[in-house]
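Asks: Those sequence lines, one after another, are chains A and B.
Under the working numbering, read the first sequence as residues 13 to 501, first letter to last.
Under the working numbering, read the second sequence as residues 42 to 399, first letter to last.
No residue lacks a Cβ here, since even glycine has one placed at the ideal position from N, Cα and C.
My questions all concern the structure below.
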Amino acid sequence: MRALPCLLLTLFACSAVSGTLKREDSYTIESIAFPKDVPPEVGALGFNDAGELVVALRRSDVLIAKPNEDPQKFSWRRFAQGLHNACGMHVVNQHEVVISQMAELTRIVDTDQDGVADFYENLCSEFGLSGNYHETAHLTPDGKGGYFVAPGTASHNGPVFYNIRGEYSKIGRRGRNYSAASYRGWVVHVDAKGKMTPWCSGFRMHNGVLFDRNGNLWAGDNQGDWKATTPFYHLEQGNFYGHPSSLVWDSARKVGDDPLHQPLEKINALRTPAAVLLPHDIMNRSAGEPIQIPDDTFGPYGGQILLPDVAGNRICRLMLEKVDGQFQGACTHFFNGNGLGSGNNRVAFSPDKRTLYVGQTMRGWGKLAEGLQRITWQGQAPFDVKTMNLTKKGFRLEFTRPLAKTSGRFDLQTYRYQDSANYGGPKLDVTKLKPTTIKHISDKVIELDVPGLKAGGQVYELKLDLKDTSGNPLWADTFCYTVNRLRTR
Amino acid sequence: MSVALRVMFAWIACVLLMSTAGADEDYITYNNRPVGTADKPLILRTFYPDPGLGREVLANHGLGQRARNYRPGKGDVAGFADPIRGIPAAIGVNFGPTLSYCWDTTECRLLYAWQGGFLDMKNYWGGPKSGGRKSFGYIPELAGPLVYLARGSHPLALIDQFAGQHKPRFKSMRLVKNIPEFEYEIGDAKVRLCIVPGKMPMSIEKHYTVSGITKADYSESGYKFKLQRQNDRQFVAIVQGRPDVGSGNSEPPPDYKTDKPNAPWGKALYSELGCFACHSTDGTRGHGPTFLNFYGNSRKLTGANDPVTANDNYIRESILNPAAKVVDGFPPGYMPVYPIADKQVQSLILFLQTLNFE
Numbered sequence: 013m014r015a016l017p018c019l020l021l022t023l024f025a026c027s028a029v030s031g032t033l034k035r036e037d038s039y040t041i042e043s044i045a046f047p048k049d050v051p052p053e054v055g056a057l058g059f060n061d062a063g064e065l066v067v068a069l070r071r072s073d074v075l076i077a078k079p080n081e082d083p084q085k086f087s088w089r090r091f092a093q094g095l096h097n098a099c100g101m102h103v104v105n106q107h108e109v110v111i112s113q114m115a116e117l118t119r120i121v122d123t124d125q126d127g128v129a130d131f132y133e134n135l136c137s138e139f140g141l142s143g144n145y146h147e148t149a150h151l152t153p154d155g156k157g158g159y160f161v162a163p164g165t166a167s168h169n170g171p172v173f174y175n176i177r178g179e180y181s182k183i184g185r186r187g188r189n190y191s192a193a194s195y196r197g198w199v200v201h202v203d204a205k206g207k208m209t210p211w212c213s214g215f216r217m218h219n220g221v222l223f224d225r226n227g228n229l230w231a232g233d234n235q236g237d238w239k240a241t242t243p244f245y246h247l248e249q250g251n252f253y254g255h256p257s258s259l260v261w262d263s264a265r266k267v268g269d270d271p272l273h274q275p276l277e278k279i280n281a282l283r284t285p286a287a288v289l290l291p292h293d294i295m296n297r298s299a300g301e302p303i304q305i306p307d308d309t310f311g312p313y314g315g316q317i318l319l320p321d322v323a324g325n326r327i328c329r330l331m332l333e334k335v336d337g338q339f340q341g342a343c344t345h346f347f348n349g350n351g352l353g354s355g356n357n358r359v360a361f362s363p364d365k366r367t368l369y370v371g372q373t374m375r376g377w378g379k380l381a382e383g384l385q386r387i388t389w390q391g392q393a394p395f396d397v398k399t400m401n402l403t404k405k406g407f408r409l410e411f412t413r414p415l416a417k418t419s420g421r422f423d424l425q426t427y428r429y430q431d432s433a434n435y436g437g438p439k440l441d442v443t444k445l446k447p448t449t450i451k452h453i454s455d456k457v458i459e460l461d462v463p464g465l466k467a468g469g470q471v472y473e474l475k476l477d478l479k480d481t482s483g484n485p486l487w488a489d490t491f492c493y494t495v496n497r498l499r500t501r
Numbered sequence: 042m043s044v045a046l047r048v049m050f051a052w053i054a055c056v057l058l059m060s061t062a063g064a065d066e067d068y069i070t071y072n073n074r075p076v077g078t079a080d081k082p083l084i085l086r087t088f089y090p091d092p093g094l095g096r097e098v099l100a101n102h103g104l105g106q107r108a109r110n111y112r113p114g115k116g117d118v119a120g121f122a123d124p125i126r127g128i129p130a131a132i133g134v135n136f137g138p139t140l141s142y143c144w145d146t147t148e149c150r151l152l153y154a155w156q157g158g159f160l161d162m163k164n165y166w167g168g169p170k171s172g173g174r175k176s177f178g179y180i181p182e183l184a185g186p187l188v189y190l191a192r193g194s195h196p197l198a199l200i201d202q203f204a205g206q207h208k209p210r211f212k213s214m215r216l217v218k219n220i221p222e223f224e225y226e227i228g229d230a231k232v233r234l235c236i237v238p239g240k241m242p243m244s245i246e247k248h249y250t251v252s253g254i255t256k257a258d259y260s261e262s263g264y265k266f267k268l269q270r271q272n273d274r275q276f277v278a279i280v281q282g283r284p285d286v287g288s289g290n291s292e293p294p295p296d297y298k299t300d301k302p303n304a305p306w307g308k309a310l311y312s313e314l315g316c317f318a319c320h321s322t323d324g325t326r327g328h329g330p331t332f333l334n335f336y337g338n339s340r341k342l343t344g345a346n347d348p349v350t351a352n353d354n355y356i357r358e359s360i361l362n363p364a365a366k367v368v369d370g371f372p373p374g375y376m377p378v379y380p381i382a383d384k385q386v387q388s389l390i391l392f393l394q395t396l397n398f399e
């Protein structure tokens, strides 16, 4: 009689470990409430050393709350006020934050430590400001007391002012998204003393830069003119990433009198390609702030990068690797609906690194999608592709869970994009492919050989229909690898 | 006597205002007309309107120019896109109805000041449900009439330096008991400036502390001002604003006589005494009832069952003893006493009669 409860207990335990998974066994999602009538337009997010969540709202205020288990019961207080469209934030400690707002990079300090900031220091206002509503500027700390700042371009949907800050360029003013004021469309470096150095150019609306734990600098950009689809770039000093308006501020590189009217081949030759192309609509429509996943507190994806979608209810996951000395890799969805809202602009991990806070906003840019949500790791790895790597002949997929040996579906197609002055761009030369071989290397690893593997920004879109040994379907089913270079060894 | 009284009553009005406004929550909400108070001013960086500032005031700004029209899918098309008037990088501060000002971080200079409300943010922030900005006209609007608009070159003259030789550099904003103090540099000079409402109606106090040079001077074109010096490098400039400073969009000063009561004189008094800060003439609700269709109409009073008619006697009493009758829905003790001559009262009454359009 004693054996039966024991057996039931064992069965129950088994089902929790390897049985059918619900989404909530892997990640839960909750929406967090702000004080009554406060517009939840999240411009920037971070945590301070007291474990409090710091939220810079786009109208003016920086609010702080200790995270509560009940997402409706955060006790908010105001830390700072008066900021114009706060866009990026580095929380230095409990008493200090650095915020890139519309007009400047501002250090905000609570000098008397009464909980309310009383000192707003201009760290840098060397980049121009045309008055156009579209000119936001994200930041990422450089690890040495300075910052990389990303002053975005202006939109033809808005004007410039008669009186602007910085220099005005008549040539830079032309086109769809334009760089009429100094260093718009650049990433600039501001050192600890506030000295600004232009770093790299060619961006349209790089609404998110990241200096990761490995010392690499990254930025997404927004699909549009000169961005056929959402790109994700590895940034290096001196490089040009494709949007020519910013070249009017390049004193070293002479691209004729009018960089907007150069032969496409010339722009193509100057451009550093994206490490990852995120096919439009399928994957991402507007890249938000990238963030690196903690090593082992947030599921099986430690070290990879998440890239939220400001214009869709999803967060992409990037699987990067170095091939022939350059970064390239694949993208998929970490979250695609399932309770996640749109407007996914900013992200921050909680101090225990188990929860990802997601700040949302679209106000003034598109359909309202304002809010704050959090995604918490619940301990059970979903059935997913953990990594997708390029091999000499195709791709190697490593799964998070053992794969059922029964045959599944591997739908593969390949295409490319050409950036141009047009808004976005179609998939070009779409070709359906059939993997020549599908090899099971281990219970979690598959290798696909692909006929005629091509380099030079070729996207390989793999759609999978597979189950794990417990019958779980895939967490995400579409994986797109951008082959810039082939693996020769 | 009347000046001294006015100063006193303005002060009383300020104290009363402080105790009535500025409740528990300070958050910026969906309310597109946020306001601060005298002891806790509201600070807001945003795009600010340019109400007609001259190029000499905005000397350190780049010049935006006309561009070819652009259409998606077509590129450059016929026609031109002109720039709009706006200030890109200013800081605005509101002390409640007594004073709002716009201080610019590029020029390091007070650009303009106004009274009444602060800003109407609707063009920029949109409605709570729509959230859309007004496409080519998203600059917020001033919610009250201008009393100061900067003219000419920078008012601070720094001895040892040529005027206009150095570009000003904005360093910081510090809050001292909630009141902003700006720090900026011009050449070797470090300047700290705190701007607060003055004691006279429409006046502005600018508290300067300068270091790094031997002496600083102050001059202001187009406005009366007084300097209260502590030493060569520390002083208060009290600038007397006035109601007719608006640029292109304001009416010319009225031409009136003062030998006997008349409506133009009343109109001038409405501006000079600062009535406009609380009483609109277009039906807009302010801190006091609007004067549109006011004269001769019935008023419901706080704490009284029977309404009264806004006739000559009622208006006279409301100017000389405003606490006697308070219109329902407006705060008591808000309006200061205006001990003005009977000819002036009568002129105001004649002016109010011109605002009846029913």
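(1) Figure out for me which residue from W487/A, L498/A, Y180/A has the closest Cα to the Cα of G341/A.
(2) When DSSP labels each residue in this structure, what does C55/B get in the three-state scheme?
(3) Output the distance between the C-alpha atoms of W144/B and T87/B, rounded to the nearest integer angstrom.
(4) Against chain E, with Cβ distances strictly below 8 angstroms, would I305/A count as a contact?
(5) Tell me which residues of the stretch 370-398 of chain B have at least one Cβ-Cβ distance to chain A shorter than 8 angstroms, keeping chain order.
(6) Around the C-beta of N290/B, are 16 or more other C-beta atoms found within 10 angstroms, so that it is buried, or is it exposed?
(7) Looking at chain A, is there any beta carbon in it that lies within less than 8 angstroms of the beta carbon of Y179/B?
(8) Can you name the residues of chain B whose CB is closer than 7 angstroms to the CB of L380/A?
(9) Grab me the residues of P209/B's own chain with a C-beta within less than 6 angstroms of its C-beta, minus the 5 sequence neighbours each way, in chain order.
(10) Measuring CA to CA, which of S252/B, W306/B, P377/B is closest to G329/B?
(11) By the three-class DSSP mapping on this structure, what secondary structure does F332/B have?
(12) Got a sec: which bits of the stretch 186-210 of chain B sit with their beta carbon under 7 angstroms from any beta carbon on chain A, in order along the chain?
(13) Please list the partners that Y452/B has in chain A, where partner means a Cβ-to-Cβ separation under 9 angstroms.
(14) Determine the extent of the beta strand (DSSP E) in which I111/A is found, giving its start and end residues.
(15) Determine the extent of the alpha helix (DSSP H) in which Y311/B is found, giving its start and end residues.
(16) My output table needs one value for V368/B: the three-state DSSP class, helix, strand or coil.
(17) When DSSP builds the beta bridges, which residues end up paired with F211/B?
(18) Could you tell me which of A191/B, Y142/B, T250/B sits nearest to S260/B, measuring between CA atoms?
(19) Closer than 7 angstroms by beta-carbon distance: list the chain B residues that pair up with I176/A, in chain order.
(20) How should T146/B be labelled, buried or exposed, when 16 other C-beta atoms within 10 angstroms of its C-beta is the threshold for buried?
(21) According to DSSP, is H273/A helix, strand or coil?
(22) Mind listing which residues of the stretch 80-107 of chain A have their C-beta closer than 9 angstroms to chain B's C-betas, in chain order?
(23) Along chain A, which residues have their Cβ under 8 angstroms away from the Cβ of S176/B?
(24) Is Y11/B close to chain A? Criterion is C-beta to C-beta, closer than 8 angstroms.
(25) I'd like to confirm the pairing. Which residues does DSSP put opposite P485/A in its beta bridges?
(26) Compare the C-alpha of A166/A against each of T152/A, A192/A, E138/A and name the closest.
(27) Using a beta-carbon distance cut-off of less than 7 angstroms, what residues from the stretch 60-78 of chain A approach chain B?
(28) Apply the 10 Å Cβ neighbour rule to D383/B and answer buried if 16 or more other Cβ atoms are within range, or exposed otherwise.
(29) Any idea if P293/B is buried or exposed, counting beta-carbon neighbours within 10 angstroms, 16 or more meaning buried?
(30) Should A365/B go down as buried or exposed, given a rule of 16 or more other Cβ atoms within 10 Å for buried?
(31) Please identify, using Cβ separations under 8 angstroms, the residues of the stretch 139-172 of chain A that lie next to chain B, in order along the chain.
(32) Going along chain A in order, which residues have a C-beta closer than 7 angstroms to the C-beta of I84/B?
(33) Considering Cα atoms alone, identify which of G349/A, S142/A, V74/A is closest to V128/A.
(34) For H292/A and V286/B, I'd like the C-alpha separation in whole angstroms.
(35) What does the alpha-carbon distance come out to for the pair G63/B and P242/B?
(36) Run through DSSP, which three-state label would Y462/A get?
Replies: Quick look at the numbers:
(1) Nearest C-alpha to G341/A: L498/A.
(2) Here the model assigns C55/B a pLDDT of 41, short of 50, so the residue's position is not dependable, and the following value carries that caveat. DSSP places C55/B in the helix class (H, G or I) of the three-state scheme.
(3) Their backbone Cα atoms lie some 11 angstroms apart in a straight line.
(4) Considering every chain present, this structure includes no chain E. Its protein chains are A and B.
(5) Hits within the stretch: zero.
(6) The predicted model places N290/B with a pLDDT of 40, which falls under 50 and marks its position as unreliable, so this point remains unresolved.
(7) Answer yes: the Cβ-Cβ gap between Y179/B and chain A drops below 8 angstroms somewhere.
(8) Within chain B, the residues near L380/A are G172.
(9) If we look at P209/B and ignore the five residues flanking it on each side, its Cβ neighbours are C149, Y225, I227.
(10) Residue P377/B is the option with its Cα nearest to G329/B.
(11) Shown here, F332/B sits in coil according to DSSP, grouped into three states, outside any helix or strand.
(12) In summary, no residue of the stretch 186-210 of chain B has a CB separated from any CB of chain A by less than 7 angstroms.
(13) It is not possible to answer for residue 452/B, since the shown part of chain B is limited to 42 through 399.
(14) Bounds of the beta strand (DSSP E) holding I111/A are 108-112.
(15) Start and end: 304-313.
(16) The answer is strand: DSSP assigns V368/B an E or B state.
(17) Beta-bridge pairing links F211/B to Y225/B.
(18) Of the listed residues, the one whose Cα sits closest to S260/B is A191/B.
(19) Near I176/A (Cβ distances below 7 angstroms), the residues of chain B are H102, G103, G105, P129.
(20) When all chains shown are included, T146/B counts as buried.
(21) If DSSP states are grouped into helix, strand and coil, H273/A belongs with the helices.
(22) Taking 9 angstroms as the cut-off between beta carbons, the residues of the stretch 80-107 of chain A near chain B are W88, R90, Q93, G94, L95, H96, N97, in sequence order.
(23) Against chain A, a Cβ distance below 8 angstroms from S176/B picks out N169, G170.
(24) Because chain B in this structure spans residues 42 to 399, residue 11/B falls outside the shown range and cannot be described.
(25) Partner(s): K479/A.
(26) The residue with the shortest Cα to Cα distance from A166/A is A192/A.
(27) For the stretch 60-78 of chain A, which is checked against every Cβ of chain B, the residues closer than 7 angstroms are R71, S72, D73.
(28) Counting other Cβ atoms within 10 Å of its Cβ, D383/B stays below 16 and is therefore classed as exposed.
(29) At P293/B, the pLDDT of 44 sits below 50, so the modelled position is not reliable; the number obtained from the coordinates is stated separately. Here P293/B is exposed. Its C-beta has fewer than 16 other C-beta atoms within 10 Å.
(30) Around the Cβ of A365/B, a 10 Å sphere holds fewer than 16 other Cβ atoms; the residue is exposed.
(31) Listed in sequence order: G140, L141, S142, G143, Y145, H168, N169, G170, P171, V172.
(32) Simply Q93, G94.
(33) Per the C-alpha coordinates, the member of G349/A, S142/A, V74/A positioned closest to V128/A is V74/A.
(34) Going from the Cα of H292/A to the Cα of V286/B covers about 53 angstroms.
(35) Because the pLDDT of G63/B is 35, which lies under 50, any placement of that residue in the model is unreliable, and the number read from its coordinates should be weighed accordingly. Pairing G63/B with P242/B, the inter-Cα distance amounts to about 21 angstroms.
(36) It should be noted that the sequence gives Val, not Tyr, for residue 462/A. In this structure, V462/A counts as coil in the three-state DSSP scheme.
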